[in-house]
Structures are given as structure tokens and as C-alpha cells.
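Participant: Take a look at the following structure, please.
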Amino acid sequence: MAYSDSHDAPKSFFYRYIWSQDHKVIAIQYSLTAIFMGLVGMLMSWFMRLQLGFPDEFDFVTPSAYYQFMTMHGMIMVIYLLTALFLGGFGNYLIPLMVGARDMVFPYLNMLSFWFYFLSVLVLMASFFVPGGPTGAGWTLYPPQAILPGTPGSDWGIITMLTSLVIFIVAATMGGLNYVTTVLQARTKGMTLMRMPLSVWGIFMASIMALLAFPALFVSGLMMLLDKTLGTSFFMPAIVSMGQQLDFEGGSPMLFQHLFWFFGHPEVYIVALPAFGIVSDLISVHARKNIFGYKMMVWSIVAIGAMSFVVWAHHMYVSGMNPYFGFFFATTTLIIAVPTAIKVYNWLLTLWRGDIHLTVPMLFAVGFISTFVIGGLTGLFLGNVIVDIPLSDTYFVVAHFHMVMGIAPIMVVFGGIYHWFPKISGRMYNEALGQMHFWITFVGTYLIYFPMHYIGFLGVPRRYYAYDNYDFIPPSVDDLNSFITVVAIVVGVSQLLLIYNLARSTFKGEKADANPWQATSLEWQTPTTPPGHGNWGPEQPKVYRWAYDFSVPGAKHDFIPQNIPNEDVPLAQEGQPLKGIDT
Amino acid sequence: MSNAQAQIELANWQQSFQRRAQRTGLRVFMVVVSALFFLFTVAVITRSQYSDWQSLAEQPWQPLFDPWQLWLNTSTLIGSSLALQWARQSSAKGQYRSAAIAFWLAGGCALAFLFGQIWVWFTLASLGYVVGANPANSFFYVLTALHGLHLLGGLLVWSKIAVKLMHKTPLPQLSFSIELCSVYWHFLLVLWLLLFMLLTSSGETFNAIANFCGF
Amino acid sequence: MPLAIALVIMVVASVLFNIYTPWWFTPAASNWGQIDDAVNITLLITGVVFVIINLFLAYILVRFRHKPNQRAHFQAHNKKLEHWLIGVTSVAIIIMLAPGLWVYAEFVSPPKQATTIEVVGQQWRWSFRLPGEDNELGKSSVSRVSGTNPFGLDEADPKGQDDILIAGAQLHLPMDQPVKLLLRSLDVLHDFYVPQIRAKMDLVPGTVTSFWFTPTKLGQFEILCAELCGIGHYNMRGHIVVESKTQYAKWLASQPTFGQTMATEESIHPPPELVLSPVALLKMGQTLATTKGCLACHSVDGSRGIGPSWKNLFGKQEALEGGATVLVDKAFLSESIIDPNAKISQGFPPIMPAVALSPQELSALVRYIVSLSKSPQQVGK
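Next up, the structure:
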């Protein structure tokens, strides 16, 4: 069915690239902002590592500053980089294209969601310049310490942080409404839910979770803001702080933790599920093979998403909550490992008997599998309540969440960027730089985080500014810390390879085909590359098959795009029919 | 099919597409708002179990024991919903005048509700029940404020439609928006009724709910 | 190919690292050493999975790498294999979870014969309270905390009179005696953690949490705070000393009770006749530095902490916030202790609490700080 735009293509530079309602432009705005924040977050981590690796050599990393760097690093990476990039960046770009729509269903709201995100970024960055500096309460912002004088940034710092988060939540809600409604309503003819690529499923499920989980952060953040500014006692019990009796009474710090982690656990899956979805597509395309067990993959995404709401207190095993909760949450946490394991098996079985091209996206996809396996397996230690007790608040936890939240999804981010770069820009990236970027990142991050698990076993606690004269910590730990710092800086600097590669290739890269990877999903079938206003020209595509018709027996080519009907598929031999599956 | 007919069919399809999307969007949004207030309710009930909780409605001298102001506000809000429902039905029947009157009435009542809520705030504050004094107070202010903000958001959308009504935009172009408006209004009314019950509950009620939920 | 090789190297290196690593659990000194068994089961299962998956991945990358004129095999699913994999995974999960929950059931059930000891945490130091002869802890409340009553005990409660107060951060325990720790915080979240004990638990202000353990080895073990509690979190230290029952009894007998500390308030403010020798005063100062929590923020060896280091502090020209400089003499040191926010050293946060000390204690502490300078100059007031 033909469809003409409800609005004409904008003409001026301002309306095309700045105040734009086009999902592709908004996606790039989100992505550039998120990547910039990622660099800021990385800088924060360098400052932390300088102190950990070379204690007392760098005067500017005072204990106060250390905790501020630590907090900003965590919050920026989790929320302002990963969530914004996967949902606002990848989600905005891919969803309409992959489902065959012309744009998101609420383009104006979509545009507003970016500008609210941008505002939340400005407010967060402002916290570096307010009196007292940014908050140093840890990204988890636990009360009472977050708003008391013993913690850096407990005045304007925490206020700006909470305000920024509230604004971000408004942005995320606006975005989430768009992504969910678009997937439900705007799929083109023939695109049933079970024909959507897994990238869409991952982002779709993550958006639903975001809509339900962020309110919990809003509730806890608002209540803490009121405790700070209006002297309410939502979370603040009777306290003697620095020798002074405070006015608070009766509040419960544990209430905050429950609310925060009710958000916080789904949040990590909001980051992981899009990564799962995208990596399925990367593997499938670059191994020329259908994804193994598509239905199970969809169901496991849904199951993981749903179950992620009933595991939150595994972050609270030693919080002093009712100890009997430990039984329940340990059980649900280990159950969630089953659908996750299924996904890993299916990725491997997709590669099995595939036709594997070790392109840069495929390298990162393989890197994801390897690092996600380690990250997920160490999660089993922490999910099992009794094993968590000695390991809680040690470097084992730090190693675990960096592997599973930091490294693995970032591998997918990189893989996805390289994979879709030719579509977004119309040009090819530089292969050698991409390979170098992969190797340094993969080997480096492994060297950083693998040994870290072991000092966690030893019992070295996290969130410590220094480790002077502990009997149980041998000097070799200091050596390890220095080593990790050096590797971290090398890996960090090597990310410039990506930035340089993208920047240069955007303007000087070789012109790319419309479908250089010979992929099947709809975004590769647009009439122009990069896709123009309205994506599809005068007519939206019609879909006749799922997204994974690779190497179908009987077909001439090893891929059949989703919008080619059976009668138009070039056959290997005249008269010999296709032996695909009926989808 | 002639070109003109095709164009009309296309326009109709576009419109019904957009309407389906808006309806779904509103539903998803209402789920999110429900989640938000549900979580706040959990927070209220949890907090009510701590020793320093003092319900605002238990004893005759407490301000919400006989909350006539809140009842007044509630009836204003009910009036607003009724008016909007009337507007919706009138506009479906093409009755311009009554739709317009009803629509304006609905907005007026909603505004009256908001002012009425602020009036309750001032009353409480003047009696000494300020926001930081006691958790029950804090929750009262926070929850009524959030509900009010959501209603204010609805009023923003309402004002866009009201402007169109002033410019005598034909009803068929407006009736869908009025319909969505009324759905949102009824949702906020139900939400308010639940909040009203929660905020004027006695300590016993809180304990009963908490026990039922297992904490 | 290089990627497959890299994965194999990674697997081999990881396994070797696991075998030869210098960093592993400290030797367990409590009954919770049995947690180590649960860890080892988990490590074995996850280790095997890690090795198999990565080696399998490496194999796949080599065997199925792109070769011209070869195609991928089209297979959408294999129900039998999928069900088998789900089954095996579930079994593995159960094998890991079940023993863990078994041990956890013990963890949440302190034995009846466990003695009770209270741990009091505050920014940034530990102190302890034992129930004394009547085996019951007296009532306490944050609102009663003051300079003379640092534990916030209710003086009217007779049960509290014989409570034994340990202000310094060193707790002694008798070996092989189960103990249940009651954890109380005066301000923010903390966490009582001794790596060799394995168990840990948060201290939550507004409530009392607990956990239990039985010390099974003699020795001195470090206490660390394991929940971010502000800027001094990394220096909130203490020790537990596990000793024989006789030694423990001796130590216990030498600790003051609450009743004694209240009754001898005059001893906090000794009559002017009671002059202590300079050596005794110095020792008193050094002890106060620990029991009052000074060392959480001020180092004695020159290393940077939350507050200025005391090493070579006396006699120094100290730069203040706002640009002025001041000579660090005894008057300045005294003022900094009783009214810490009067003058703030440049580059340090204004968060030091005022410390309640008697004139003699103040002079003892100042004397100690002075002794940490290379050439103590004047003899001030």
C-alpha cells in the first residue's frame, strides 16, 4: 500500500540535522552524544586507575576526587552510554528500517526524547562545576551517606545527579513509547512479529522493560531528592553524623535499595538484551547461516526480560534484609541462567556448519561470545547466595559486571557500528584499523578483567581509595593493579582507532554497495544508501519470509532478502524448488 | 480505481494507522504511569510499618479524618470526567455546540480540581503538617503533586484541542482526540480514587495491607 | 585462524593462571570455610563449561571458516538437541545451587549456644559492646550518643550497666565458641567483613542486623568495611584477635563496663593533682588516636589521607583554604581538634567532627602529634 509522508522532507540544515524528526538523524544524535559520554566515563576510569595502579603519585586524585570519579564513571557508563546508545541509538536507527516502517510512529515525541536526553547530559556535566563537585556516593547512590557530609558532592552534586536522572527517565519514557508502539503498530505488510530480526526483538523487549523499571528509579530518586532538599525521612533513620544529631527519623535505607535494584537489575538486562539480539544478527549474516532455534531465541529474550523483574535482591544478599529472601532470590537468579545458556548454545550452533567470514563485525561477535560466557558464568557464583557472601563488595563483583555489562555489550556495540556503518554512511570503514581495534580491545580487556576475579577471591574490597598495609593483601596485588592500569590506558587509547576510522571513512572511505554483507533484513533493501527521507521511496516493502534465509538449499545465492517473494528467488538449477522452511 | 479515489483511500488508511498508533501509545503510557504509582504505593505501605508513622486520618483532630475538601475535589474531578464523556458522546453524534460546552466544562473542572488540591496543601501547611514533618505528610504531598502533574499534562493536550474548537475545526477531525482525552481523564480519576483511599487510610488499614502482602 | 589460536591460548592461559595464581581465598579461620567447598564446586562446573565452550568456539572458527564454493548448512532447529541442552544445563544449575542453599540454611540459623556481641559502626571506626555478666545488652539509642556516652546507652536501664565497652577497634574472641554479632550503625551503611571469617553483613542505621560464626583458628585478623560509607570507607579498620579461652577471659576482665565509665567520669576529667609522666601522656595520646578514630583520616607516615598527615605537621607552615598560611603550633593543633571547622587546610574537605576530650586527653593527643615531627620545636601551652 502506498504511503505518502505526513510531512514533507525538511529543507534547511537546521530542520534536517538539528531539530529533526527523522529517526535516523535522531539515532545519530543519540549515538554521538552517548559515545562522547563514553569517552568522559573512560577518562573517569583512567583517573581511578592512576590512583589504584600508582598510589599517591598523582596529587589530583584525592580520596574525595577518587570517589567522585568512581561515581561518575559508573553512572555515565550504565545510563548515559549503554542505555542511551542501545535504545536511543541502535533502537532508533534499526527499528523502523528493520520492520519496514517509514519512521517511528511519534516522530515529534522521538525528537523531544533526544533533546531531553541531551538536557539530562548537560545537567549531569554541570555537576562537575557546582560547589562541592559531583556526587561521590557510588553509582548506586545509597542513602544515608549519599546526602550526608561524609560523602563528596553531597550538596549540589547529588541534587544535580538526581535531577539529571529524572530528566533522563522522562526521555527514556518518551523513547520507549515510540519503540514499543512502532514495533506493535507500524510493521509493514507481511512482517509478523515472528519474522522480525532478533535485533528488533532484543531492543523491543528492552524498551518494555525500561518503561516498567525506570519508574522505580524515579520513585527512589525523587524521594531521595526530597530527603535532601525538604528534610523528609523516606530513607533517613535517626543519625549521628560527625558528632551532630540530625533531624531525620524513622526512614529506611533498605527501602531505597529495594526500589533501586527493582530498577537496577532489569536495567542490566535492558543493556544486555539488545546486545543479544544484535549479536544474533551479526553472527547470522557473517556466517551466512540462519540463526539456530529462532523461536527459542525469541522466547528466551521474553523469558529473560520477564524474569529479570524477580531477581533484584541478589544485589542485597548482605544488605541486612530478611535472610529468608535469600533462598527465593538465589533460586530465581539461577533459573534465569537457563534461557541465557540456551542463547549461548544457539549462537554456537548457528556458527556450527556455517560459512564463517572473519570480518570485523564477526570478530567482535566472537569476542562477545567469549567474554559474555565468562561474565555470565561468574554471575553464577554471585547468584548463589552463600557463595556471594564472601565475594560481595570485592573485586570479584567488579570483574563480573565489567565483563558482562561492559566488555561483552561493548563488543556488540563495536560490531554493530562496523556492520551498519556502510548503510548509515554509504561508505566502507578501513579494514586494517578495524582489525587492530578489535585485537587490542579483546586481548586488553581480557588481561584487565580476568586476573581481577582472583583478587576478589582473595577478598580485596571494592570502592577503596588505597590498600595500605593490609596483612592479607600481598604486594603482588599492587603489581597487578599497576599492570591493569597500564593495559587499561592502552586499551582506552586504542578506542581512538575507532573514532578516527569512523570519522575518516565517513568522508574519505570507499563507497559501499547498498548491501555489502549480502544480508537479508529490510534495512539493507532500501532504494538509496544512506536511506533517504521516508526510507523506502514511494512504496513500503512487503515481507514474504523471516530474516534468516541464508544458504537456503536450491537458491542460487546464499541469501534471500525478506522482501523477495518465492517466485522471484533465483534458483540454483531451473526446476529445482527451494527447500527452505515455511515461515 | 481512479486517482482521486486512491488518494482518499490512502488518506483514510494513513489516518486510521495514526489513530491505532496513538491509541496504543496512550495505553502503553497508562501502563507506565500505573507502574509508577504502584511502586509509590509499595513505598507508602512499607514505610507505614515503621514506628514513626502517623496516619493523617485516624483521630478526629487529624486533618484528613474528615476530608471534606478532598471530597469536594473528588467530585470536581468526577464532574470533569463526566463532562468529558458527554463531550465525547456529543462529538460522536456530530453535536458541535454541546460537545464544545462539555469540553470546556471538563477543562474548567479539572483546573478547579488542581486549585482545590493546592488549597488542601495550604490548609495542611497552616495546621503545621508540613512536608518534612512526618512520612505520611511527605507522601501526601508527593503523591498529590505527581497526580496533579499528570493531570496538568493532560490539560496541555486538552488546551490544544480547545484551541481547535475555538477555531471551529470540524468535529470529525476532533472526535478521536476527544475520545483519547476522555480515556486518559477516566484513568486519572480512577487513579485519584485509589490514592484518596490510600492517603486517608488509618494505621490499621495500612497494617492489614502490609500483612496481606507479607511485610 | 588467528582468532581460534587466540581463544585456545586464552583457555590454556586461564587454566594455568587458575592453578598457579598467587591470589586465592585466605586460609579460612571460621566454620564458614565450608563456603569454600561451594565455591570450588561452582568453579569446577563453570570452569569446565568455560573451557568447553571456548575450545568448541575455536574449533568451529577453524573448521567452518569461509572457503570458496562451500556453503553453510541450513538447519532451523533441532528439537532433540535443544531439549537435551536445556536438561543438562538445568541439572548443572541444580548441582551448583542445592549445596549452596544447604549451607545457607545453616547461615541463617545461629546456634542456641552462640554468645552475643554487638558491633557498633560509625564513620569511620569500629567499636564493640559485650553483654557482661547478665548476658543481656542494655538499651541503646542514637539520640543518646554524646561525647561522654559514645555508645548511646540508656543510663536508666540496669541491664546496660554491666555491658563491657570496647572503644578501640580490636575485638578479642575465644576460639571454637560460636558468636552471633549484632550489628548497629550510628550513621550510614557499613559492612563488617573479615576475609578469613568469610561471612559479612551490612550495618543498617535504624535497625540491627546480625550474622554468626565460630572462630576456628588462633590469630589476628583484619576487619574491613565492605559497604561504601563515605570518604573514609577505605580506612575504616580494626582487628579481631582469636585466642584461647583463658587468654580471652584475662582480656575481658581488663575491659571497662558502661557503669564504670559513667561512674568514673571524674577520671575523664582528673583532678589537677594527678599528673601523668610525659611517657604516659604520649602513650595516652597514641591510644586516643586509635580509639577516637583519628587514624581513619590522618596518617602518621606521611601518606595522603582524608585529612592532613601528622608526620612533620607540627612546626610546619600550613596553607589554609582562602590563601592564608598559619604556623602549626600546639594552639593550632588544639583548636583543630575541638573546633575543626575554624580553619580548614587547603585541599582538604571540611568534614572533621568535633572530638570531645578532657583537657588532659587533649594535651596527650597534641603531645603525640608533636612527637611525629622530626625536630619538635617549641614547648607551647
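Residue numbers (our numbering), protein chains in the order written: chain A, 63 to 645; chain B, 1388 to 1602; chain C, 417 to 797.
Just so it is clear, CB atoms sit at the ideal spot from N, CA and C, and this is done for glycine as well.
Is it buried or exposed, Pro719/C, if we count other Cβ atoms within 10 angstroms and call 16 or more buried?
Facilitator: According to the sequence shown, residue 719/C is Ser rather than Pro. Label assigned to Ser719/C: exposed.
Participant: Applying the criterion that 16 or more other CB atoms from any shown protein chain within 10 Å of the CB defines a buried residue, is Met298/A buried or exposed?
Facilitator: buried
Participant: Using a Cβ-Cβ cutoff of less than 7 angstroms, which residues in the same chain neighbour Thr456/A once the five nearest sequence positions on both sides are dropped?
Facilitator: The beta carbon of Thr456/A sits closer than 7 angstroms to the beta carbons of Gly518, Gly521, Val522, Pro523, Arg524 from its chain, once the five residues preceding and following it are set aside; these are given in chain order.
Participant: Does Met63/A get closer than 8 angstroms to chain B when you measure Cβ to Cβ?
Facilitator: Low local confidence applies: a pLDDT of 32 at Met63/A is under 50, so the model's placement there is unreliable, and no value is given.
Participant: Which value, in whole angstroms, describes the spacing of the CA atoms of Phe191/A and Trp218/A?
Facilitator: 10 angstroms
Participant: Would you report the Cα separation of Glu689/C and Leu697/C, rounded to the nearest angstrom?
Facilitator: Confidence at Glu689/C is low in this model, with a pLDDT of 49, below 50, so its placement is unreliable and no value can be given for it.
Participant: Can you tell me which of Arg249/A, Val167/A, Tyr155/A puts its alpha carbon nearest to the alpha carbon of Lys485/A?
Facilitator: Tyr155/A
Participant: Are Leu227/A and Gly283/A touching if we call contact CB-CB under 8 angstroms?
Facilitator: yes
Participant: Could you check what DSSP says for Phe1593/B in three-state terms: helix, strand or coil?
Facilitator: helix
Participant: The alpha helix (DSSP H) that contains Lys495/C, what's its start and end?
Facilitator: 495-523
Participant: With a threshold of 8 angstroms between beta-carbons, can Ser68/A be considered close to chain B, or not?
Facilitator: Bear in mind that the predicted position of Ser68/A carries a pLDDT of just 49, short of 50, making it unreliable; the figure below should be weighed with that in mind. Chain B has a Cβ within less than 8 angstroms of the Cβ of Ser68/A.
Participant: In whole angstroms, what separates the C-alpha of Trp628/C from that of Gly563/C?
Facilitator: 31 angstroms
Participant: With 8 angstroms as the threshold, decide whether the Cβ of Arg600/C is near any Cβ in chain A.
Facilitator: no
Participant: For Ile509/C, return the contacting residues in chain A, with the cut-off set at a CB-CB distance below 7 angstroms.
Facilitator: Leu396, Ala399, Val400
Participant: If we define contact as Cβ-Cβ less than 8 angstroms, is Leu425/A a contact residue for chain C?
Facilitator: Yes, because at least one Cβ of chain C sits closer than 8 angstroms to the Cβ of Leu425/A.
Participant: Can you round the beta-carbon distance between Gln587/A and Pro623/A to whole angstroms, since I take them to be within the 8 angstroms contact cut?
Facilitator: 5 angstroms
Participant: Under 8 angstroms between beta-carbons, which chain B residues line up against Phe296/A? List them in chain order, please.
Facilitator: Ala1430, Arg1434, Pro1522, Ser1525
Participant: Let me know the secondary structure DSSP gives Gly382/A once reduced to three states.
Facilitator: coil
Participant: CB-CB under 6 angstroms to Pro589/A, same chain, minus the five flanking residues each way: which ones, in chain order?
Facilitator: Gly599
Participant: Kindly indicate the opening and closing residues of the beta strand (DSSP E) around Lys351/A.
Facilitator: It is not in any beta strand (DSSP E) - Lys351/A carries neither H nor E in the DSSP assignment.
Participant: Which of the three DSSP states is assigned to Trp726/C in this structure?
Facilitator: coil
Participant: Using 8 angstroms as the limit for Cβ to Cβ distance, is Phe519/A near chain B?
Facilitator: no
Participant: Taking 7 angstroms as the cut-off, is the CB of Pro72/A close to at least one heavy atom of the ligand NAD?
Facilitator: Among the components of this structure there are no ligands whatsoever, and the ligand NAD is therefore not found.
Participant: So, with DSSP's three-state summary, where would you put Met183/A?
Facilitator: First, the amino acid is wrong: residue 183/A is Val here, not Met. Here Val183/A sits in helix by DSSP.
Participant: Rounding to the nearest angstrom, what Cα-Cα distance links Gly200/A and Ala642/C in this structure?
Facilitator: Note on geometry: alpha-carbon atoms of Gly200/A and Ala642/C lie some 13 angstroms from one another.
Participant: Going straight from the alpha carbon of Gln635/A to that of Lys618/A, what length do you get?
Facilitator: Between the C-alpha atoms of Gln635/A and Lys618/A there is a straight-line separation of about 8 angstroms.
Participant: Spatial neighbours of Asn1521/B within its chain, please: CB distance less than 6 angstroms, with the 5 preceding and 5 following residues excluded, ordered by chain position.
Facilitator: Gln1441
Participant: Counting only the same chain and skipping the five closest in sequence on each side, list residues whose C-beta sits under 7 angstroms from that of Val372/A.
Facilitator: The residues are Thr394.
Participant: Using a Cβ-Cβ cutoff of less than 6 angstroms, which residues in the same chain neighbour Ser1485/B once the five nearest sequence positions on both sides are dropped?
Facilitator: Ser1477
Participant: Compare the C-beta of Val281/A against all C-beta atoms of chain B and say whether one is closer than 8 angstroms.
Facilitator: yes
Participant: For the beta strand (DSSP E) that contains Pro590/C, what are its first and last residues?
Facilitator: 586-590
Participant: Determine the chain A residues that contact Phe1593/B at a beta-carbon separation under 9 angstroms, and present them in chain order.
Facilitator: Counting only Cβ-Cβ distances below 9 angstroms, Phe1593/B has no contacts in chain A at all, with the closest Cβ about 14 angstroms away.
Participant: Does any residue of chain F have a CB that is nearer than 8 angstroms to the CB of Thr1531/B?
Facilitator: The chain inventory of the structure shown lacks chain F, comprising the protein chains A, B and C.
Participant: By Cβ distance, which residues of its chain are closer than 7 angstroms to Gly441/A, with the 5 residues on each side in sequence left out?
Facilitator: His462, Val466
Participant: Which residue wins for smallest C-alpha separation from Val558/C, given the options Ala349/A, Ile157/A, Thr254/A, Ile301/A?
Facilitator: Ile301/A
Participant: Along chain A, which residues have their Cβ under 7 angstroms away from the Cβ of Tyr650/C?
Facilitator: Identification of chain A residues near Tyr650/C by a Cβ-Cβ cut-off of 7 angstroms yields Tyr526, Tyr527, Ala528, ordered along the chain.
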